[in-house]
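So the sequence shown is numbered by my numbering: it starts at 89 and just counts up by one.
The C-beta atom is built at its ideal place from N, Cα and C for all residues, glycine as well.
Before any comments, here is the structure.
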Amino acid sequence: MFTKKRHLEMALQDVPGHSDPDPDREQYLTPASIAADLVWNAATNGDVAGLKVLDLGCGTGILSLAASLMGAQEVVGVDVDEKAIEVARKQAERLHVKVRFLALDVDEFEEEGDTVIMNPPFGAQRAQHREADRRFLRKALDLAPVVYSFHLKKTEPFLEKLVKALDAKISHRFFYSFPLPRIYNFHQEEQRMVDVVVLRVERS
């Protein structure tokens with residue numbers, strides 16, 4: 089378990105993104121600096137060390153790995169992309185941490201945990217996947233009493249209504265400027281920044 093946030097960030101720097109990202113799944117790597125900051129804050133709030141942490145839509149595993157490095161007793165990362173899961177498993181071996189990575193659709197995952205820390209698809213790229221992040225949030229609150237979840241900041245008002253409807257409450261907000269690199273052929277810029285919010289949500 090790290091005692092300095094910058095050491096956690098350094099450990100996560102070499103975690104790679106998806107080798108062949110799928111635009112329908114919005115497969116972007118959470119930057120090491122943001123992953124470290126969020127998981128560090130979650131640990132400070134008492135939501136990581138000694139607990140079972142779930143990462144839904146884990147991709148190549150950066151949030152799962154961070155949770156394990158910060159002292160989680162058990163970490164489970166779930167993603168439908170088998171190639172991403174293989175990368176995540178190799179990263180766990182490299183970092184000498186134990187994380188159970190499962191190649192599984194999150195709708196089929198039923199294990200309960202203490203905390204969910206996730207960066208789900210924003211649901212912004214394809215019309216058929218609108219509100220994908222809200223589907224993940226509903227699932228996360230079914231599985232754990234505390235959820236940390238990334239969302240586009242502009243969707244915050246809709247999320248507040250959803251959280252209330254789910255008989256939960258937002259206790260913390262963390263704001264980041266998230267870099268989206270040009271990894272898909274329909275992108276026109278090499279990189280653009282989007283404003284995101286991470287909500288810490290508690291079941292009532």
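Using a 10 Å radius around the Cβ and a threshold of 16 neighbouring Cβ atoms, would you call residue i buried or exposed?
i: F210; result: buried
i: A220; result: buried
i: D92; result: The question names Asp, yet the displayed sequence has Lys at residue 92. Per the 10 Å Cβ criterion, exposed.
i: S152; result: buried
i: K227; result: buried
Counting along the chain, where does the beta strand (DSSP E) carrying residue i start and finish?
i: E162; result: 162 to 167
i: K186; result: Careful: K186 lies outside any beta strand (DSSP E) and carries neither H nor E.
i: L144; result: 140 to 144
Taking the DSSP output, what are the residues bridged to residue i?
i: T148; result: The partner list for T148 (beta bridge, DSSP) is empty, contrary to what the question assumes.
i: M281; result: P267
i: R291; result: A256
i: I205; result: Y236
i: V286; result: F238, F262
i: A303; result: Past the boundaries of the shown model lies residue 303; the chain is included only from 89 to 292, so the question cannot be answered.
i: A137; result: A160
Residue range of the alpha helix (DSSP H) that residue i falls in?
i: T132; result: 120 to 132
i: L100; result: 93 to 100
**Message:** My parser needs the alpha helix (DSSP H) runs of 4 or more residues fully inside the stretch 207 to 269; what are they?
**Reply:** 220 to 231, 244 to 253
**Message:** Quick check: the stretch 221 to 235 against the stretch 135 to 148, are at least 3 beta-carbon pairs closer than 8 Å?
**Reply:** yes
**Message:** For the stretch 251 to 262 against the stretch 193 to 207, do three or more pairs of beta-carbon atoms, one drawn from each stretch, fall closer than 8 Å, so that the two count as touching?
**Reply:** no
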